[in-house]
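Peer 1: Got a structure for you, written out below as structure tokens; questions coming shortly.
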Amino acid sequence: MNGVKISVVDEGGDAVGDDTTDAKGEWAIPVPKAGTYKVTLDQKTLPQGVALKFKDRATLTVQVYEGNQRTVLFAIAAGGGGGPGDAETATPPSESAQYWTRVAQLGFEGLSLGLIIALGAVGLSLIFGTTGLTNFAHGELLTLGAFTAFVFNTAMGLHLLIAAPLAVAVAAVFGYAQDRWFWGVLRRRKTGIISMMIVSIGLAMFLRYTLLFFFGGQGRSYEQYVAQQGIQLGPISATPKSLVAMAIEIAVLILIGLGLLYTRIGKATRAVADNPALAASSGINVDRVVRIVWAAGTATAALAGILLGTTQNLGYQMGLQVLLLMFAGVTLGGLGTAFGALVGSLIVGVFIQVSTLWIPPEMKTVGALVVLIIVLLIRPQGILGRRERIG
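Position 13 (the sequence shown) corresponds to 13 in full-length UniProt numbering; numbering is contiguous.
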């Protein structure tokens, strides 16, 4: 879509720049520094027969981070626009129809986000359940998986469909080795949980800034599936890659659930999470179970990072940006329960997106945390957690 005018102003209303779209509908406006900007599409410049899908979203507010490239998309649809003759004959949808269409779209986007959060949160919850460790480096495992696939994809020239499984396999080996030669050693030395939690914060910073050193602060993208034409599914607009990603996420989460319920290692994992000492006395190799949990948790986190990287630019802070949401999902669902992490993550993801109907997009994460606080005030153990007696 060529010739559509886009303009950007800063928080103070001062003009930053403008651009017109090329034949592919792409545009770029550099900004002087990190901050909040308002991006406006001039609806008068839209081609004939094309209009914004949501008339009230001609101006979008976005947050731009240092060294990152921010993608801004305007939803368009056939009908309306393009001249005064169209304005007389076109029948715009009612405000109520537009509202519910937007609710459906945001709900879909929230479900997509919730599934990505759930992939990371399940591993985080299982690690906490089997070891008691609150791992603040878990967000960096998402980033590490995304950049490992990026190296296979760009530096080695492998298609993303090949690079992604290889990156997940590398992440699983890294997770196993991480517990075998690092966290396991700390446990054998009787290191306290608080001390290990602080160590995880240091490890997170080490991994984050190591990625910054090697890959820089600018946004990166995979060679394939960068831009796709959207398809319309009733009131919902989606890209094929988002639908495939959701199918993969659902399939993996179902496999994890079935594995926990019906396989020997799954039953052993639940036994260790319930009572490690009793599990050990029953003949279960607790260290082996914990290492498998670390491998599986790191692999699912890497997969979440790769799938997240298909929907946005890769950045060294991408894992940090979803870490708080993973903790919210785990806590909301119930600490240490994989199924609770899934339920909590879906609630957090959907609420974050749908809440932008009533609050500014910049505050949507705050809204999710408010819901978390309210739920925990009513049910401290989380949705699927169980009460524990202390003392």
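For every residue, glycine included, the Cβ atom is placed at its ideal position computed from N, Cα and C.
(1) Flag this pair as touching only if the stretch 115-131 and the stretch 327-337 have three or more C-beta atom pairs under 8 Å; answer yes or no.
(2) Please name the residue, chosen from Ile-306, Ala-368, Thr-130, Ala-169, that lies closest to Val-290 on a Cα-to-Cα basis.
(3) Take Thr-365 as the anchor and find which of Phe-351, Leu-377, Leu-357 has the nearest alpha-carbon.
(4) Which of helix, strand or coil does DSSP assign to Gln-63?
(5) Could you check which residue in Ile-265, Ile-250, Ala-277 has the C-alpha nearest to that of Ser-112?
(6) Less than 8 Å between the beta carbons of Phe-136 and Ser-200, yes or no?
(7) Quick one: Cα of Ile-306 to Cα of Phe-147, how far?
(8) Hey, how far is the Cα of Leu-372 from the Cα of Gly-110?
(9) Measuring alpha carbon to alpha carbon, tell me which residue in Gly-230, Gly-175, Ser-221, Leu-261 is nearest Met-318.
(10) Between the C-alpha atoms of Asn-313 and Thr-143, what's the straight-line distance to the nearest angstrom?
(11) If you reduce the DSSP assignment to three classes, tell me which class residue 393 lands in.
(12) I need the straight-line Cα distance from Ile-265 to Gly-259, nearest angstrom please.
(13) Keeping to the same chain, check which residues put their C-beta closer than 6 Å to that of Ala-149; ignore five residues upstream and five downstream.
(14) Which residues bound the alpha helix (DSSP H) around Thr-298?
(15) Which class does Ala-104 belong to by DSSP, given the choice of helix, strand or coil?
(16) Assign Val-39 to one of three DSSP states: helix, strand, or coil.
(17) Does the separation of the CB atoms of Gly-329 and Ala-118 fall below 8 Å?
(18) In this structure, does DSSP put Leu-359 in helix, strand or coil?
(19) Taking three-plus beta-carbon pairs below 8 Å as touching, is the stretch 33-41 in contact with the stretch 50-63?
(20) Where does Gly-17 sit, in a helix, a strand or coil, going by DSSP?
(21) Give me, in chain order, the residues of the same chain whose beta-carbon lies closer than 7 Å to that of Thr-240; leave out the 5 immediate sequence neighbours on both sides.
(22) Taking only the alpha-carbon atoms, compute the straight-line gap between Leu-384 and Tyr-209 and give it to the nearest angstrom.
(23) Thinking C-alpha only, which one of Leu-377, Gly-132, Pro-380, Ile-116 is nearest Gln-321?
(24) For Asp-14, count the other beta carbons within 10 Å of its own beta carbon; 16 or more makes it buried, fewer makes it exposed. Which is it?
(25) If we count the other Cβ atoms within 10 Å of its Cβ and call it buried at 16 or more, is Ala-51 buried or exposed?
(26) Identify, in the order they occur along the chain, each residue of the same chain with its Cβ nearer than 7 Å to the Cβ of Phe-339, setting aside the five sequence neighbours on each side.
(27) When you compare each of Phe-54, Ala-121, Ile-76 to Gln-98 by their alpha carbons, which one comes out closest?
(28) Can you name the residues that DSSP bridges to Val-8?
(29) Under 8 Å Cβ to Cβ from Val-375, same chain only, skipping five residues before and after it: list those, please.
(30) Is the distance from the Cβ of Val-102 to the Cβ of Leu-261 below 8 Å?
(31) Do the CB positions of Val-72 and Lys-38 come within less than 8 Å of each other?
(32) With 16 as the cutoff for other CB atoms within 10 Å, does His-159 come out buried or exposed?
(33) According to DSSP, simplified to helix, strand and coil, what is Asp-86?
(34) Evaluate Gln-218 with the Cβ neighbour count: other Cβ atoms within 10 Å of its Cβ, from every protein chain shown; 16 or more gives buried, anything less gives exposed.
(35) State the CB to CB distance for the pair Pro-235 and Ala-104, rounded to an integer number of angstroms; the pair is presumed to be in contact (CB under 8 Å).
Peer 2: On the basis of the coordinates in this document:
(1) yes
(2) In the sequence shown, counting from the first residue as 1, residue 290 sits at position 290. Comparing Cα positions, the closest option is Thr-130.
(3) Indexing the sequence shown from 1 puts residue 365 at position 365. That would be Phe-351, whose Cα lies nearest to the Cα of Thr-365.
(4) As a position in the sequence shown, residue 63 is number 63, starting the count at 1. Correct three-state label for Gln-63: strand.
(5) Here residue 112 refers to the residue found at position 112 when the sequence shown is read from its first residue. Taking only the C-alpha atoms, the option nearest Ser-112 is Ile-250.
(6) Walking along the sequence shown from the start, residue 136 turns up at place 136. Walking along the sequence shown from the start, residue 200 turns up at place 200. Closer than 8 Å, so yes.
(7) For the purposes of this step, residue 306 is taken as the residue at position 306 of the sequence shown. For the purposes of this step, residue 147 is taken as the residue at position 147 of the sequence shown. The alpha-carbon atoms of Ile-306 and Phe-147 are separated by roughly 8 Å.
(8) Indexing the sequence shown from 1 puts residue 372 at position 372. Indexing the sequence shown from 1 puts residue 110 at position 110. Taking the straight line joining both Cα atoms gives about 16 Å.
(9) For the purposes of this step, residue 318 is taken as the residue at position 318 of the sequence shown. It is Ser-221.
(10) Working through the sequence shown from its first residue, we reach residue 313 at position 313. Working through the sequence shown from its first residue, we reach residue 143 at position 143. Between Asn-313 and Thr-143, the C-alpha separation is close to 11 Å.
(11) This structure cannot settle anything about residue 393, because the visible part of the chain is limited to 1 through 391.
(12) Locating residue 265 in the sequence shown gives position 265, counting from the first residue. Locating residue 259 in the sequence shown gives position 259, counting from the first residue. In a straight line, the C-alpha of Ile-265 is about 8 Å away from that of Gly-259.
(13) In the sequence shown, the residue the question calls residue 149 occupies position 149. Excluding sequence neighbours, Ala-149 sits near Ala-163, Ala-164, Ala-167, Ile-306.
(14) Locating residue 298 in the sequence shown gives position 298, where the first residue counts as 1. That run of the alpha helix (DSSP H) goes 286-309.
(15) Against the sequence shown, residue 104 aligns to sequence position 104. Helix, per DSSP.
(16) Residue mapping note: residue 39 aligns to position 39 of the sequence shown, counting from 1. Residue state, collapsed to three classes: strand.
(17) As a first step, residue 329 must be located in the sequence shown, where it is residue number 329. As a first step, residue 118 must be located in the sequence shown, where it is residue number 118. Cβ atoms of Gly-329 and Ala-118: closer than 8 Å.
(18) Against the sequence shown, residue 359 aligns to sequence position 359. The question names Leu, yet the displayed sequence has Ile at residue 359. Coil at Ile-359, not helix or strand.
(19) yes
(20) In the sequence shown, the residue the question calls residue 17 occupies position 17. It is a strand residue.
(21) Within the sequence shown, residue 240 is the residue found at index 240, counting from 1. Looking at the sequence provided, one finds Pro at residue 240 rather than Thr. Once the five neighbours on either side are set aside, the close Cβ partners of Pro-240 are Gln-228, Ile-231.
(22) Along the sequence shown, read from residue 1 onward, the residue named residue 384 stands at position 384. Along the sequence shown, read from residue 1 onward, the residue named residue 209 stands at position 209. Taking the straight line joining both Cα atoms gives about 36 Å.
(23) Indexing the sequence shown from 1 puts residue 321 at position 321. Out of Leu-377, Gly-132, Pro-380, Ile-116, Ile-116 has the C-alpha closest to the C-alpha of Gln-321.
(24) Here the question's residue 14 lines up with position 14 in the sequence shown. Classification for Asp-14: exposed.
(25) Counted from its first residue, the sequence shown places residue 51 at position 51. Ala-51 should be labelled buried.
(26) Counted from its first residue, the sequence shown places residue 339 at position 339. Cβ within range, chain order: Gly-257, Leu-384.
(27) Here the question's residue 98 lines up with position 98 in the sequence shown. Out of Phe-54, Ala-121, Ile-76, Phe-54 has the C-alpha closest to the C-alpha of Gln-98.
(28) The residue you call residue 8 lines up with position 8 of the sequence shown. For Val-8, which the question treats as bridged, DSSP gives the partners Gly-17, Val-39.
(29) Within the sequence shown, numbered from 1, the residue matching residue 375 stands at position 375. Counting only Cβ-Cβ distances below 8 Å, and skipping sequence neighbours, we find Leu-332, Gly-382, Ile-383.
(30) The residue given as residue 102 occupies position 102 in the sequence shown. The residue given as residue 261 occupies position 261 in the sequence shown. As written in the sequence, residue 102 is Arg, which differs from the Val given in the question. No, these two residues do not count as a Cβ contact at 8 Å.
(31) For the purposes of this step, residue 72 is identified with residue 72 of the sequence shown, where counting begins at 1. For the purposes of this step, residue 38 is identified with residue 38 of the sequence shown, where counting begins at 1. Taking 8 Å as the Cβ cut-off, Val-72 and Lys-38 do not qualify as a contacting pair.
(32) Here the question's residue 159 lines up with position 159 in the sequence shown. It is exposed - the Cβ of His-159 has fewer than 16 other Cβ atoms within 10 Å.
(33) The residue labelled residue 86 in the question sits at position 86 within the sequence shown. For Asp-86, the pLDDT reaches just 40, beneath the cut-off of 50, and the residue's location in the model is therefore unreliable, leaving the point undetermined.
(34) The residue you call residue 218 lines up with position 218 of the sequence shown. So Gln-218 ends up on the exposed side.
(35) Looking up residue 235 in the sequence shown gives position 235. Looking up residue 104 in the sequence shown gives position 104. Confirmed, Cβ separation roughly 4 Å.
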